[in-house]
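Enquirer:
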Amino acid sequence: MGSFNKQQDYMALKRLFGPSNDFIKTLVEDYKPCFIEDGESSRMSLENANILASCSYESQTVGFLYFSVAEDYFTGLNLHRKGWKSVYLNPERFCPLIYGPLKMSLVQLLCYSELAFMPLLNCLSLWGFAVIPQLCLFNGIPLYPKVSDPNFNIFSIILVSSISKSLYEVVTTGKQFKVWRNEWRIWMMRSVTSYTYGCLDVILNKLGMKEATFLPTNKVTDDEQVKLYEMGVFDFRTATMFLAPLVTVILINIAAFVGAVAKALVVDDDGDQYWEKMFGQMFLSFFILISNFAVIEGMIIRRDKAKIPLSSTLWSVVFSMLILLIGSVILC
């Protein structure tokens, strides 16, 4: 019961949708305050049900357009074609003494910190696991306990638990095994390429050594790319600066694994002891190679246009040889 108070209703909208007057004006047109009068509750409930069931229920509401990019005119055209109204929101920065790390709870602070440093942590950890054990393996230096050592169980349990957890998450969502394999492979590729270059770009930008740049993504639809995507085949037609780190890591793991197997079978008289000492590092290299077999296939087996270019492979060979040489000098 009661009369409609326009000022109170206007303030209620501001509390719900923020202080933007222009945005509130687009809502006031169709906003109807909910006041129940005597004998009118049934009629209003029926009207509300009709509104909820109508096609215009989401009209004049806030929403997001998913599976789209935000850097081109087509996104804006698509939004306006559907009757949406664009809103430019550029609020002033909050004072860190009023709102910031000092005012956040510890859990919230840890969540934001994890998201902020996730690319850096991923690229550092992946580069470490994909290069350091392999350099030690290449030079015959055991890094993990022997298989007969009880401490070896700690490393094996951690590895198996991590793999099992990700596989369980994929399977329980109804996906197939190849989806898990692809997600694991993409994480490795992303960590040594986009995460690495992204972190370097941010660090150089903060140090004033590089200005931020922006390049629009290619919007042209390529029938051949679509065909490769539908076949589940990687398209390696990209810049050498993105392929070189990925191929270099694979070549280092190939050299370390092949060299260790040859040493255990041919050179080393005490082969059983060598296998026992180096099993952890050999398994790690083998797992990386199996997970990224598509890269090996793109270098050696494939002959189509989307394979890894020979120039990128040659540059990667040079980089991998330099890393192996520097590692041998440091470790030996």
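First residue of the sequence shown? That's -15 in my numbering, and the numbers climb one at a time after it.
From the three backbone atoms N, C-alpha and C, an ideal C-beta is built for every residue, glycine too.
Source: prediction; values computed, not measured.
#1: Is S175 near N237, with beta carbons less than 8 Å apart?
#2: Can you tell me whether DSSP reads R286 as helix, strand or coil?
#3: Can you grab the Cα-Cα spacing for the pair V186 / T180, in whole Å?
#4: From this set, G124, L0, S89 and R287, which residue's C-alpha is nearest V217's C-alpha?
#5: Return the residue from the list A246, R221, Q160 and N123 that minimises the CA-CA distance to L315.
#6: Are L63 and S70 touching if we call contact CB-CB under 8 Å?
#7: What's the call for T177, buried or exposed, on a 16-neighbour Cβ count within 10 Å?
#8: Quick check on S(-13): buried or exposed, where buried means 16 or more other Cβ atoms within 10 Å of its Cβ?
#9: Could you tell me which of C120, L268 and L90 sits nearest to V144, measuring between CA atoms?
#10: For N276, which three-state DSSP category applies?
#11: Consult DSSP for V176 and reduce its assignment to one of helix, strand or coil.
#12: I'd like the list of long-range same chain contacts for W164, defined as Cβ closer than 7 Å, with 5 residues on each side in sequence excluded.
#13: Determine the direct distance from the alpha carbon of K211 to that of K159, and round the result to whole angstroms.
#14: Just the Cα atoms here: how many angstroms apart are I116 and R65?
#15: In whole angstroms, what separates the C-alpha of K291 from that of K162?
#16: Rounded to whole angstroms, what is the Cα-Cα separation between L191 and F303?
#17: When the Cα of E260 is compared with those of N135, K130, S275 and L94, which residue comes out closest?
#18: Return helix, strand or coil for E167, following the three-state DSSP convention.
#19: I need the DSSP call for E195, collapsed to helix, strand or coil.
#20: L104 lies in the alpha helix (DSSP H); which residues open and close that run?
#21: In three-state terms, what does DSSP make of W68?
#22: Determine whether the beta carbon atoms of S300 and R169 lie at a separation below 8 Å.
#23: From which residue to which residue does the alpha helix (DSSP H) around K247 run?
#24: Among L235, N34, E167 and I142, which has the Cα closest to the Cα of G282?
#25: Helix, strand or coil for I310? Go by DSSP, reduced to three states.
Expert: So, from the data block:
#1: Their beta carbons are not under 8 Å apart, which means S175 does not touch N237 by this criterion.
#2: Residue state, collapsed to three classes: coil.
#3: Using only the alpha carbons, I get a separation of about 10 Å.
#4: Here the closest residue by C-alpha is R287.
#5: Nearest option by C-alpha distance: N123.
#6: Cβ distance < 8 Å, so L63 and S70 count as in contact.
#7: Result: buried.
#8: Note on S(-13): pLDDT 41, under 50, position unreliable in the model; no value is reported.
#9: It is L268.
#10: Assignment of N276 by DSSP, reduced to helix, strand and coil, places it in the coil class.
#11: In the displayed model, V176 falls within a helix according to three-state DSSP.
#12: Excluding sequence neighbours, W164 sits near S150, L151 and V154.
#13: Distance from the CA of K159 to the CA of K211, rounded to the nearest whole angstrom, comes to 22 Å.
#14: CA-CA distance, I116 to R65, rounds to 54 Å.
#15: Rounded to the nearest angstrom, the two C-alpha atoms are 21 Å apart.
#16: Approximately 27 Å between the Cα atoms of the pair.
#17: Among N135, K130, S275 and L94, the Cα nearest to that of E260 is on K130.
#18: Reduced to three states, the DSSP call for E167 is helix.
#19: Three-state result, E195: coil.
#20: L104 -> alpha helix (DSSP H) spans L90 to F122.
#21: Correct three-state label for W68: coil.
#22: Contact flag unset, no.
#23: Segment: none, K247 is in no alpha helix (DSSP H) and carries neither H nor E.
#24: Out of L235, N34, E167 and I142, L235 has the C-alpha closest to the C-alpha of G282.
#25: I310: helix per DSSP, three-state reduction.
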